[in-house]
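S.K.:
Protein chains in written order, with our numbering: chain Z, 72 to 442; chain Y, 47 to 291.
(1) Which bits of chain Z does residue 246/Y rub up against, with CB to CB less than 8 Å?
(2) According to DSSP, is residue 301/Z part of a helix, a strand, or is it coil?
(3) Given 8 Å as the limit, is there contact between the stretch 283-303 of chain Z and the stretch 166-176 of chain Z, that is, 3 or more CB pairs closer than that?
(4) Could you check whether the Cβ of residue 68/Y sits closer than 8 Å to any Cβ belonging to chain Z?
(5) For residue 125/Y, which of helix, strand or coil comes out of DSSP?
(6) Taking DSSP as the reference, what is the three-state secondary structure of residue 55/Y?
(7) Unbroken alpha helix (DSSP H) runs of length 4 or more, entirely within the stretch 154-184 of chain Y: which are they?
(8) Need the endpoints of the beta strand (DSSP E) that residue 238/Y sits in, please.
(9) For residue 153/Y, count neighbouring Cβ atoms within 10 angstroms of its own Cβ and tell me buried if that reaches 16, exposed if not.
(10) Are the stretch 360-369 of chain Z and the stretch 396-415 of chain Z in contact at 8 Å, needing three or more beta carbon pairs?
(11) Touch check for the stretch 139-154 of chain Y and the stretch 186-203 of chain Y: three-plus C-beta pairs under 8 Å?
(12) Using a 10 Å radius around the Cβ and a threshold of 16 neighbouring Cβ atoms, would you call residue 288/Y buried or exposed?
(13) Relative to the alpha-carbon of residue 354/Z, which residue among 293/Z, 417/Z, 438/Z, 257/Z has its alpha-carbon at the smallest distance?
(14) Taking 8 Å as the cut-off, decide whether the C-beta atoms of residue 248/Z and residue 122/Y are in contact.
(15) Of all the CB atoms in chain Z, is at least one closer than 8 Å to the CB of residue 236/Y?
(16) Excluding sequence positions up to five away, which residues of its chain have a Cβ less than 6 Å from the Cβ of residue 123/Z?
(17) Kindly indicate which residue of 256/Y, 59/Y, 250/Y has the alpha-carbon position closest to the one of residue 78/Y.
(18) Could you tell me the alpha carbon to alpha carbon distance between residue 280/Z and residue 194/Z, rounded to whole angstroms?
(19) Are any of the Cβ atoms in chain Z nearer than 8 Å to that of residue 161/Y?
(20) Run the CB neighbour count on residue 290/Y, radius 10 Å, all protein chains shown included, and call it buried at 16 or more, exposed below.
(21) Assuming contact is defined by CB atoms lying nearer than 8 Å, are residue 104/Z and residue 96/Z in contact in what I supplied?
(22) Are the C-beta of residue 145/Y and some C-beta of chain Z separated by less than 8 Å?
(23) Return the Cβ separation of residue 21/Z and residue 149/Z in integer angstroms, given the expectation that the two are a contact with Cβ distance under 8 Å.
(24) Nearest to residue 132/Z by alpha carbon, out of 243/Z, 265/Z, 179/Z?
(25) When the Cα atoms are used, what is the spatial distance from residue 285/Z to residue 237/Z?
(26) Count the other CB atoms within 10 Å of the CB of residue 391/Z; is the residue buried (16 or more) or exposed (fewer)?
(27) Per DSSP, which residues does residue 209/Y bridge with? Please list them.
(28) Check whether chain Z comes within 8 Å of residue 131/Y, counting only Cβ atoms and requiring the distance to be less than that.
(29) If you count every other CB in all the chains shown that lies within 10 Å of the CB of residue 125/Z, and 16 or more means buried, which is it?
This is the structure we're talking about:
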């Protein structure tokens with residue numbers, strides 16, 4: 072297998088694992104926690120390393136999972152005091168744990184391969200250098216296999232506990248009444264996020280871990296309102312972003328992680344603008360349509376209310392009507408054109424009058440509002 | 047045979063330093079519709095949350111059928127405040143109602159045909175059958191409340207706790223809810239509702255608990271829901287009953 076292909080496959084596996092868990096993170100409103108965890112796990116790595124003196128020990132994974140859980144726990148303890156909001160709590164816990172890790176590295180592990188730059192930015196291009204040798208045979212890059220294992224664990228967790236994840240995320244109180252431990256689900260999820268982050272760490276760096284965990288799920292959220300679809304879409308968008316990002320990096324000869332993260336951001340932006348239901352264009356358009364609809368109704372209500380009263384002449388005068396309704400004159404023209412076209416209103420000289428059709432419509436609109 | 051269905055003994059709950067419930071004692075018989083009323087901050091929601099083990103009290107305990115909450119969980123249904131969940135969550139009406147069956151299913155297993163049928167029946171019971179596939183983000187406040195009610199119905203509990211089910215709902219939903227409450231009572235269920243519209247207490251409920259941090263009075267509506275007791279609950283400013291008269 073060519074090194075290029077190995078890099079792409081690794082990026083795809085990393086993105087899938089991150090995008091899968093990320094869906095639950097953003098639905099649980101914990102996006103910022105990812106940011107924190109993806110950094111504080113460094114402390115887990117360092118402490119486990121100092122204890123075992125090995126960079127390949129499985130204890131490193133356990134250490135990081137514990138550190139991720141500790142980050143979440145400490146944040147929640149601070150939050151529960153009600154003295155600060157969650158984001159402030161994260162702002163205290165995350166830099167503290169992360170900087171302890173940095174100090175420990177510079178003091179005790181300076182000459183080991185625990186380089187701070189690679190922690191933040193990673194280097195996908197180096198993935199093919201570290202091989203996994205089984206029975207003397209080279210079967211591929213080590214981090215690819217590590218990530219594949221993590222992806223499988225994440226996948227099994229989400230499939231097994233899909234119902235529980237959904238319930239706990241949507242309504243934790245009901246979950247508790249029904250006898251499902253939201254604490255178990257919550258901390259299992261955060262433990263897996265930590266393990267996934269640490270696995271992805273060396274390959275792609277913590278910035279890309281965050282980008283993968285948040286970007287594709289949020290993009291997917293814009294496109295669907297079914298949880299299962301959101302999971303599929305999130306993974307799909309993550310994979311497409313990884314592939315395009317890699318190709319761009321190769322083409323422009325720039326950092327792969329940087330390129331992928333940029334593509335993730337741009338993808339979100341495009342979806343944010345053009346999404347069929349929740350995109351800015353659709354929202355702007357429906358808002359406009361609704362505004363016109365409301366204006367048509369208020370004009371008709373106005374005419375109907377004053378129909379047959381003494382003041383009818385004053386209130387239905389086309390020249391002064393915009394003062395009564397407090398509308399811009401041009402806006403009144405647009406709305407008038409609309410109601411006349413719809414044959415709800417006729418104009419005789421200066422005065423506007425409801426047609427029978429307009430009257431019926433107005434009464435029906437009234438009923439719809441009040442029923 | 048236990049005389050009372052639910053017994054609350056000496057329950058005190060506090061957040062931080064401020065106690066929100068002082069030494070509550072309640073004995074609730076089977077088959078009643080009970081309103082919990084009281085001013086804002088009286089601890090109405092806290093009381094049912096503490097009864098449901100969602101909040102840990104400082105002292106006191108709750109017994110259901112003379113047994114602990116844990117052992118009776120299966121028979122207890124809960125309708126939380128509508129505003130307590132995120133209605134933009136990507137899921138459908140049917141899916142939310144199905145959540146009510148999760149307790150019977152247990153861990154890991156998925157709801158099957160039987161559960162789906164129960165959910166669809168409950169959706170029909172609250173008059174939402176045309177909405178079962180609708181995304182919950184598209185529902186009005188009243189429809190959201192009816193979905194919550196349907197979800198409680200499929201729990202098929204004996205005791206229901208409802209937190210402000212009439213909060214901000216339209217007249218049609220209010221009617222639908224009260225119709226179902228009465229139906230539940232007819233089936234011998236016990237329903238406890240946090241309520242804040244004093245005007246409708248007499249019409250909707252047969253029991254009432256007047257609460258203002260401490261328990262003022264509880265019991266039969268006709269005996270307890272008097273001007274004098276309401277004054278004790280709300281202070282002298284309340285003019286509810288005189289309007290009704």
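By construction, the Cβ of each residue, glycine as well, lies at the ideal position given by its N, Cα and C atoms.
M.R.: A quick look at the data gives this:
(1) Neighbours of residue 246/Y on chain Z: none; closest Cβ ~21 Å, over 8 Å.
(2) Reduced to three states, the DSSP call for residue 301/Z is helix.
(3) Contact between the stretch 283-303 of chain Z and the stretch 166-176 of chain Z is absent, because fewer than three Cβ pairs lie under 8 Å.
(4) Not one chain Z Cβ lies under 8 Å of residue 68/Y.
(5) In this structure, residue 125/Y counts as strand in the three-state DSSP scheme.
(6) strand
(7) 159-171
(8) 236-240
(9) exposed
(10) In short, these stretches touch, since the Cβ pair count reaches three.
(11) Touching, yes.
(12) Since pLDDT at residue 288/Y reaches only 48, below the 50 mark, its modelled position is unreliable, and the value read off the structure follows with that caveat. Residue 288/Y comes out exposed.
(13) 293/Z
(14) yes
(15) Judged by the 8 Å Cβ criterion, residue 236/Y is not in contact with chain Z.
(16) 130
(17) That would be 250/Y, whose Cα lies nearest to the Cα of residue 78/Y.
(18) 12 Å
(19) no
(20) Low confidence applies to residue 290/Y: its pLDDT is 44, below 50, so where it sits in the model is not reliable, and the reading given next is rough at best. Residue 290/Y comes out exposed.
(21) With respect to the 8 Å criterion, residue 104/Z and residue 96/Z are classified as neighbours on the basis of their beta carbons.
(22) yes
(23) Any answer about residue 21/Z is impossible in this case: the structure gives chain Z only from 72 up to 442.
(24) 265/Z
(25) 18 Å
(26) exposed
(27) 240/Y
(28) yes
(29) exposed
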